[in-house]
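Novice: Okay, handing you the structure first.
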Amino acid sequence: MAFRCRQVLRPYSPPTLLRHLLSQTLRPKSSSTTTPHHHHDFSSPATFIGSWTTPSDPREAERRLWELRRDYEKQVRELRREYFVEMEIQREKKRRRDEAKREAARAALEERRAAKSAGVEARAAERLALEEELRKTLMKERAKKLEYWRSKEQLREQKTNGKKDLLQRQSSMWIDENNMEKKILEALVDTISL
Numbered sequence: 001m002a003f004r005c006r007q008v009l010r011p012y013s014p015p016t017l018l019r020h021l022l023s024q025t026l027r028p029k030s031s032s033t034t035t036p037h038h039h040h041d042f043s044s045p046a047t048f049i050g051s052w053t054t055p056s057d058p059r060e061a062e063r064r065l066w067e068l069r070r071d072y073e074k075q076v077r078e079l080r081r082e083y084f085v086e087m088e089i090q091r092e093k094k095r096r097r098d099e100a101k102r103e104a105a106r107a108a109l110e111e112r113r114a115a116k117s118a119g120v121e122a123r124a125a126e127r128l129a130l131e132e133e134l135r136k137t138l139m140k141e142r143a144k145k146l147e148y149w150r151s152k153e154q155l156r157e158q159k160t161n162g163k164k165d166l167l168q169r170q171s172s173m174w175i176d177e178n179n180m181e182k183k184i185l186e187a188l189v190d191t192i193s194l
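In structure tokens:
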């Protein structure tokens, strides 16, 4: 037991000392001497470190060593309790941050979906308006074509009716077959009537 105590209270071993010195000399120099952990409250140093004085009675030494261990275990238990409380607080903060991120992402997604659906609706309305305009234009063109076709039909009908009328007028003057020879002879004799 005394060996373990000496080992704990012993100063740096040569490789550790060398590593410590190298880290101090190779450490990058900066203009500020503040530690990067300025937001952290460090606990005060333990009182039992370096407090060992060798008593003359081995029983007294064993009792004091036992007290030191007991105090150390109490402090470790207390530190662990504080650590667990701190870690629970940090977990709760992280959970809240994650929940807020998820909520923000969900809200952004809903906003994007709403914007997308609004864009789709606007494009659909625009497409319907264009289709309606095209339909109206086609209806106007069809009406014009129909009107043009009707006027052409009327003109053609008038021409055919005119021809029929002319034909009917001329056919009223037609000669019967029995009188045909007589009329031919008259036409040859009297050319002016024709």
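For reference, each letter of the sequence shown is one residue, going 1 to 194 in UniProt numbering. We treat Cβ as the ideally placed atom computed from N, Cα and C, and that holds for glycine.
Could you tell me which whole alpha helix (DSSP H) segments of length 4 or greater appear in the stretch 28-110?
Specialist: The stretch 28-110 contains no whole alpha helix (DSSP H) run of 4 or more residues.
Novice: For the alpha helix (DSSP H) containing Glu181, list its first residue and its last residue.
Specialist: Taking the sequence shown and counting its residues from 1, the one referred to as residue 181 is at position 181. Per DSSP, Glu181 belongs to the alpha helix (DSSP H) from 180-189.
Novice: Rounding to the nearest angstrom, what Cα-Cα distance links Arg169 and Gln154 in this structure?
Specialist: The residue labelled residue 169 in the question sits at position 169 within the sequence shown. The residue labelled residue 154 in the question sits at position 154 within the sequence shown. Using only the alpha carbons, I get a separation of about 22 Å.
Novice: Could you check whether Arg64 and Pro58 sit closer than 8 Å to each other, using their CB atoms as the reference points?
Specialist: Locating residue 58 in the sequence shown gives position 58, where the first residue counts as 1. Locating residue 64 in the sequence shown gives position 64, where the first residue counts as 1. Against a cut-off of 8 Å, the Cβ pair of Arg64 and Pro58 comes out as no contact.
Novice: Could you give the DSSP three-state label for Glu177: helix, strand or coil?
Specialist: Walking along the sequence shown from the start, residue 177 turns up at place 177. Coil.
Novice: Please report how far the alpha carbon of Glu78 lies from the alpha carbon of Arg91, in whole angstroms.
Specialist: Reading the sequence shown from its first residue, position 78 is the one you call residue 78. Reading the sequence shown from its first residue, position 91 is the one you call residue 91. Near 20 Å, if we compare the C-alpha coordinates of Arg91 and Glu78.
Novice: Just how far apart, CA to CA, sit Ile89 and Arg81?
Specialist: Position 89 of the sequence shown, counting from 1, holds the residue named residue 89. Position 81 of the sequence shown, counting from 1, holds the residue named residue 81. Approximately 12 Å, taken between the alpha carbons.
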